[in-house]
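**Student:** If you read the sequences in order, they're chains C and B. Under my numbering, the first residue of the first sequence carries the number 993, and numbering increases by one thereafter. Under my numbering, the first residue of the second sequence carries the number 164, and numbering increases by one thereafter. We treat Cβ as the ideally placed atom computed from N, Cα and C, and that holds for glycine. I'd like to ask some things about the structure below.
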Amino acid sequence: MNIPDVKQSWPNPINEVTIGATKEEGGTRSTTITIGGTGTLPFLSFEGSSPHRPVIAMEVWDFAPADWPEELEKYFSDVWDDPGKWAKKCVDEFNADLICLRLQGCDPDGENKSSAEAAEAVKKVLEAVTVPLIIWGCGNKEKNNEILPVCSQTAAGERCLLGTITEDNYKTLVALCKADKHKLIAESPVDINIAKQVNILAADIGLAAEDIVIYPSTGSLGYGIEYVYSIMERGRIAGLSGDKMWAMPLLADIGKEVWKVKEAVATEEEVPGWGNHVQRGPLWEAITALVYLQSGSDIIIMRHPKAVGELKKYINSLINKN
Amino acid sequence: MIFIGERINGGFKDIKRAIQEKDKSIIQHWAKIQTEAGADYLDVNMGAASNKVDDFIWMIEAVQETVETPISIDSNKLAFIESAIKVCKHPPIINSTTADKEKLDQLIPVAVEHNASLIGLCMDKKGAPQDVNQRVELGATIFSEAIDKGLSPDQIFLDPVTMPLKFLQPQAYHLIEAVRQFTLLSSPPPHIIVGLSNISSKASEMKLINRVFLIMCIEAGLDATICDVTDEELLNSAITTEIILNKHIYSDSYIKAYRESRRK
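What follows is the structure, given as structure tokens:
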């Protein structure tokens, strides 16, 4: 029987973005990470080439989180008073490809740490590990505009991935990234049109399209994942088809979303019939992450070491099979 | 959309003078203006200004000295096309062949050899098509010949032949119906193109007629036009039509995004 050829050809490969800079490039990283560059949909190696594998960033905070469940606490509580040690453990023991430092402690509704303290956390992580770094603000726009300039300068030349810019807050960060040679995360609220608009606005004031990674927001398995998936897939298809303002690599922020849903954290005593949460939690994170891999994510931010391990195995199996 | 700038044509007085006086600056002016306005190709047509192939080559080279926009070689003479295609820096469009067998036998191999695209006018020796069926039949002939001889659908532009609304009113709607049927020829379909300005020839509301006709054609499946690319409202209307048809992703700055992404 003849099987019809279903190969499609796409005219416009996704931009490559390199994160991290070695000594020769003006930074201090031992390796750099390049994402994007794909000329086809995820893992369709029969159709086109995908020169760079997806990478996993593990999440590190600038203070000991009070709301992380026991299942995470048991891996990190010995190091989470020091972002440097925490990052080192993620790299040395759990093989994180890169570190995502989230400056949650600077949130004015929480610890309200200063920009000097934020910069100190950045410094600690940069000294403790040599993998590339994502620096993620605290979620408050005004505060981000205070802390990120200082962090950006502290990491000048390291080619970090900084985030996030949004439709109504992008000018400060774009200027910083151009000055200190970083890359940017462009955030949008699960909205394909706004995702494009943020990129246009940033490009308008001089940011190169090649310096942008799209973060279209993330939902956990069971919490709108299908909707985000369809937006990422449609955006990626538009990018591959020639829409330059969607031809960027994609980022999924998995750990933050998964470890607040009851399906991941509730114990068996609380919900009989759901099975052991020690297995269920990391499984929930791993399954959520692999859905995002299939929708085109190039960077996945995660928390649980076992989920990270499982996802790495999964990526290997898809790449080696092809 | 693929926009082809119509302005470098010996039918315009300034271009005719440029050819006769060998004044590159006028041709280069229009090459630049049309490129900046968003032309994906620049049509080059000598009209009746000269009958020397050297003059035609001179025009194309003048354009290529100024801009990188690919050329649409607008001539019905095989010798002109064969000479012109050799000096084109980027794969051009040959404008055009008819559905006559001897024309197809001559021009398709030239297009294949130079990786060029080819506009196929849906007419033959018997003349211009009078209805939908004739257009579709001639279009299908051109398409299947071109595919058989080695062009891909992406290199084929079918032109259902625009006629003046003022004098041949029923033909406009016949053309739109033919466009709709061309889209069914293959998957992906060939490009479908019209020479837009013909529709408003000698009419009083030229720009309005051009714009509305183009929008209706795009809705039916057309994706290319030879037109006045400096008519900003025309191009923005075409881009907006494609947005409404869900061919690009909306954003508040969609016109800017579209135009930026097409810039060479």
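1. Do V1117/C and I1157/C have their C-beta atoms within less than 7 Å of each other?
2. May I have the straight-line CA-CA distance separating N1314/C from S1212/C, to the nearest angstrom?
3. Whose CA, out of I1011/C, I1186/C, E1016/C, K1173/C, lies closest to the CA of T1024/C?
4. Roughly how many angstroms lie between the CA atoms of R1295/C and D317/B, to the nearest whole one?
5. So D203/B and R425/B are in contact, right, with Cβ under 8 Å, and what is the actual spacing, rounded?
6. Which residues does DSSP list as the beta-bridge partners of D1099/C?
7. Just verifying my parser: in three-state terms, what is the DSSP assignment at M993/C?
8. Check each candidate in V1123/C, R1226/C, A1200/C, G1247/C and name the one with the smallest Cα separation from I1184/C.
9. Mapping DSSP to helix, strand and coil, what is D1074/C?
10. Here's a check: name, in chain order, each residue in its chain whose Cβ is nearer than 7 Å to the Cβ of N258/B, leaving out the five neighbours to either side.
11. For S414/B, decide whether its Cβ has a neighbour in chain C, counting only Cβ atoms nearer than 7 Å.
12. Quick one: is N1314/C near chain B, going by C-beta distance under 7 Å?
13. Find out if the Cβ-Cβ distance for the pair I372/B, I362/B is shorter than 7 Å.
14. Would you verify that the beta carbon of A202/B is, or is not, closer than 7 Å to some beta carbon of chain C?
15. Measure the CB-CB distance between V1009/C and P1241/C and report whether it falls below 7 Å.
16. Alpha carbon to alpha carbon, how far is W1128/C from I412/B?
17. Whose CA, out of Q1189/C, L1282/C, V1300/C, G1040/C, lies closest to the CA of G1029/C?
18. According to DSSP, is F175/B part of a helix, a strand, or is it coil?
19. Can you name the residues of chain C whose CB is closer than 7 Å to the CB of K419/B?
20. So that I know if they touch, is there some Cβ in chain B lying closer than 7 Å to that of I1177/C?
21. Distance cutoff 7 Å, beta carbons only. Does N994/C sit that close to anything in chain B?
22. Might you give, ordered along the chain, the residues of its own chain that have their beta carbon closer than 7 Å to the beta carbon of N1214/C, omitting 5 neighbours on each side?
23. Grouping DSSP H, G and I as helix and E and B as strand, with all else coil, what is I1223/C?
24. So what does DSSP say about E1085/C, is it helix, strand or coil?
25. Taking 7 Å as the threshold (C-beta atoms), are R1151/C and A1299/C in contact?
26. According to the Cβ coordinates, are N172/B and G201/B closer than 7 Å?
27. Buried or exposed: E169/B, going by 16 or more other Cβ atoms within 10 Å of its Cβ?
28. Return the CA-CA distance between G1234/C and E1138/C, expressed in angstroms with no decimal places.
29. To which residues of the same chain is H354/B closer than 6 Å at the C-beta, ignoring the five residues directly before and after it?
30. What's the C-alpha gap between C1098/C and A1108/C?
31. Closer than 8 Å is the cut-off here; do at least three beta carbon pairs connect the stretch 1266-1282 of chain C with the stretch 1055-1063 of chain C?
32. Residues of the stretch 1224-1238 of chain C with a CB closer than 8 Å to any CB of chain B: list them in chain order, please.
33. For G1031/C and M1237/C, I'd like the C-alpha separation in whole angstroms.
34. In three-state terms, what does DSSP make of A1111/C?
35. State the CB to CB distance for the pair E1103/C and I1293/C, rounded to an integer number of angstroms; the pair is presumed to be in contact (CB under 8 Å).
36. Would you please verify whether the beta carbon of S280/B is less than 7 Å from any beta carbon of chain C?
**Tutor:** The relevant details are as follows:
1. As a working note, residue 1117/C is residue 125 in the first sequence. As a working note, residue 1157/C is residue 165 in the first sequence. Contact flag unset, no.
2. Along the first sequence, read from residue 1 onward, the residue named residue 1314/C stands at position 322. Along the first sequence, read from residue 1 onward, the residue named residue 1212/C stands at position 220. Model confidence at N1314/C stands at a pLDDT of 47, short of 50, so the residue's coordinates are unreliable; what they give is reported in the following sentence. N1314/C and S1212/C: Cα-Cα distance of roughly 28 Å.
3. Taking the first residue of the first sequence as position 1, residue 1024/C is located at position 32. That would be I1011/C, whose Cα lies nearest to the Cα of T1024/C.
4. Numbered from its first residue, the first sequence carries residue 1295/C at position 303. Numbered from its first residue, the second sequence carries residue 317/B at position 154. Cα to Cα, R1295/C sits roughly 47 Å from D317/B.
5. Working through the second sequence from its first residue, we reach residue 203/B at position 40. Working through the second sequence from its first residue, we reach residue 425/B at position 262. About 7 Å; that satisfies the 8 Å criterion.
6. Here residue 1099/C is taken as the residue at index 107 of the first sequence, counted from 1. Answer is none; D1099/C lacks a bridge partner.
7. By one-based count along the first sequence, residue 993/C stands at place 1. If DSSP states are grouped into helix, strand and coil, M993/C belongs with coil.
8. Numbered from 1 along the first sequence, position 192 holds the residue referred to as residue 1184/C. Among V1123/C, R1226/C, A1200/C, G1247/C, the Cα nearest to that of I1184/C is on R1226/C.
9. Position 82 of the first sequence, counted from the start, is the residue given in the question as residue 1074/C. Coil, per DSSP.
10. If you number the second sequence from 1, residue 258/B lands on position 95. Closer than 7 Å at Cβ, skipping near neighbours: D206, S235, I236, D237, I282.
11. Counting from one through the second sequence, the residue named residue 414/B turns up at place 251. With 7 Å as the cut-off, S414/B counts as an interface residue toward chain C.
12. Your numbering for residue 1314/C matches position 322 in the first sequence. With a pLDDT of only 47 at N1314/C, under 50, the local geometry of the prediction cannot be trusted, and no value is derived from it.
13. Taking the second sequence and counting its residues from 1, one reaches residue 372/B at position 209. Taking the second sequence and counting its residues from 1, one reaches residue 362/B at position 199. Yes, these two residues count as a Cβ contact at 7 Å.
14. Counted from its first residue, the second sequence places residue 202/B at position 39. Taking a beta-carbon distance threshold of 7 Å, A202/B does not count as an interface residue toward chain C.
15. Working through the first sequence from its first residue, we reach residue 1009/C at position 17. Working through the first sequence from its first residue, we reach residue 1241/C at position 249. Taking 7 Å as the Cβ cut-off, V1009/C and P1241/C qualify as a contacting pair.
16. Position 136 of the first sequence holds residue 1128/C. Position 249 of the second sequence holds residue 412/B. Cα to Cα, W1128/C sits roughly 28 Å from I412/B.
17. Taking the first sequence and counting its residues from 1, the one referred to as residue 1029/C is at position 37. The residue with the shortest Cα to Cα distance from G1029/C is G1040/C.
18. Within the second sequence, residue 175/B is the residue found at index 12, counting from 1. Three-state result, F175/B: coil.
19. Locating residue 419/B in the second sequence gives position 256, where the first residue counts as 1. Here the neighbours are I1192.
20. Residue mapping note: residue 1177/C aligns to position 185 of the first sequence, counting from 1. Taking Cβ atoms only, chain B never reaches closer than 7 Å to I1177/C, which makes this a no.
21. Taking the first residue of the first sequence as 1, we reach residue 994/C at position 2. False, the Cβ-Cβ gap to chain B never drops below 7 Å.
22. By 1-based counting over the first sequence, the position of residue 1214/C is 222. Residue identity differs from the one stated: residue 1214/C is Gly in this sequence, not Asn. So the list reads V1253, E1255, once near-sequence residues are dropped.
23. Position 231 of the first sequence holds residue 1223/C. I1223/C falls in the helix class under three-state DSSP.
24. Sequence index remark: in the first sequence, residue 1085/C carries index 93 (1-based). Coil at E1085/C, not helix or strand.
25. The count along the first sequence starts at 1 and reaches residue 1299/C at position 307. The count along the first sequence starts at 1 and reaches residue 1151/C at position 159. For A1299/C and R1151/C, no; Cβs fall outside 7 Å.
26. What you label residue 172/B is simply residue 9 of the second sequence in a count that begins at 1. What you label residue 201/B is simply residue 38 of the second sequence in a count that begins at 1. No, Cβ-Cβ distance for N172/B and G201/B is not below 7 Å.
27. For the purposes of this step, residue 169/B is taken as the residue at position 6 of the second sequence. Looking at its Cβ environment, which holds 16 or more other Cβ atoms inside 10 Å, E169/B is buried.
28. Taking the first residue of the first sequence as position 1, residue 1234/C is located at position 242. Taking the first residue of the first sequence as position 1, residue 1138/C is located at position 146. For the pair G1234/C and E1138/C, the Cα-to-Cα distance works out to about 37 Å.
29. Counting from 1 along the second sequence, the entry for residue 354/B is found at position 191. Correct list, in chain order: F320, D386, A387.
30. Looking up residue 1098/C in the first sequence gives position 106. Looking up residue 1108/C in the first sequence gives position 116. About 10 Å.
31. yes
32. R1226, G1227, A1230, G1234, D1235, K1236, M1237, W1238
33. Sequence index remark: in the first sequence, residue 1031/C carries index 39 (1-based). Sequence index remark: in the first sequence, residue 1237/C carries index 245 (1-based). Cα to Cα, the separation comes out at about 16 Å.
34. To locate residue 1111/C, count along the first sequence from 1; it is residue 119. Three-state DSSP puts A1111/C in a helix.
35. Residue numbering aside, residue 1103/C sits at position 111 when the first sequence is read from its first letter. Residue numbering aside, residue 1293/C sits at position 301 when the first sequence is read from its first letter. Rounded, the Cβ-Cβ distance is 21 Å, inconsistent with contact.
36. In the second sequence, counting from the first residue as 1, residue 280/B sits at position 117. Under the 7 Å criterion on CB atoms, S280/B is classed as non-interfacial with respect to chain C.
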